[in-house]
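Right, one structure below, let's go through it.
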Amino acid sequence: MPRIPDIGVFSIYASLIIIYGLFSWWLFGVWRKVSGSVRSLLLALMFLTIMMAIDNVVWIFGSMAFAEPIVPAIRQFIITWNVWAFEKVLWGIAGLLVWWSLRANGEGR
């Protein structure tokens with residue numbers, strides 16, 4: 008039987024996946040109606056939200072909440088969340104590079 012923190016962490020990540028999915032669906036609806044550089048920015052945002060949803064699926068299975076002991080060390084917790092935050096920053100940079108690449112290649116014209 009899973010511990011309470013496991014269920015809490017799973018529900019948080021599952022909620023994030025649903026939110027990313029709905030946000031990406033909304034972005035696609037707006038993307039079909041606009042043109043120019045806004046269109047390429049929305050495409051990059053859709054890419055970013057889909058990648059972050061996939062990332063959260065990976066974090067569900069690799070989360071520290073599923074590791075033993077029941078209460079992880081403070082240092083281990085801080086390292087885990089710093090890695091998580093750094094990874095989100097890297098995904099943001101990747102999304103901006105995709106957007107810049109699309110604009111540089113004439114997609115935004």
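Quick note: the sequence shown uses this note's numbering, first residue 8, plus one each step.
All C-beta atoms in this analysis are idealised placements derived from N, C-alpha and C, irrespective of residue type, glycine included.
Compute the Euclidean distance between the alpha carbons of residue i and residue j, then round it to the nearest angstrom.
i: Ala21; j: Gly102; result: 22 Å
i: Ser31; j: Ile14; result: 26 Å
i: Ser108; j: Ile100; result: 12 Å
i: Trp91; j: Trp98; result: 11 Å
What did DSSP end up calling residue i once you bin it into helix, strand or coil?
i: Val105; result: helix
i: Arg39; result: coil
i: Pro76; result: Residue confidence is low: Pro76 scores 49 on pLDDT, short of 50, so the model does not pin down where it sits. No coordinate-derived value is stated.
Thinking C-alpha only, which one of the options is nearest residue i?
i: Val65; options: Arg110, Glu94, Leu34, Ser42; result: Glu94
i: Met58; options: Trp38, Gly36, Ile24; result: Ile24
i: Thr56; options: Arg39, Ser18, Leu34, Ile19; result: Leu34
So, under 8 Å CB-CB, residue i and residue j are touching, yes? Tell me the CB distance rounded to an integer number of Å.
i: Ala60; j: Gly28; result: 6 Å
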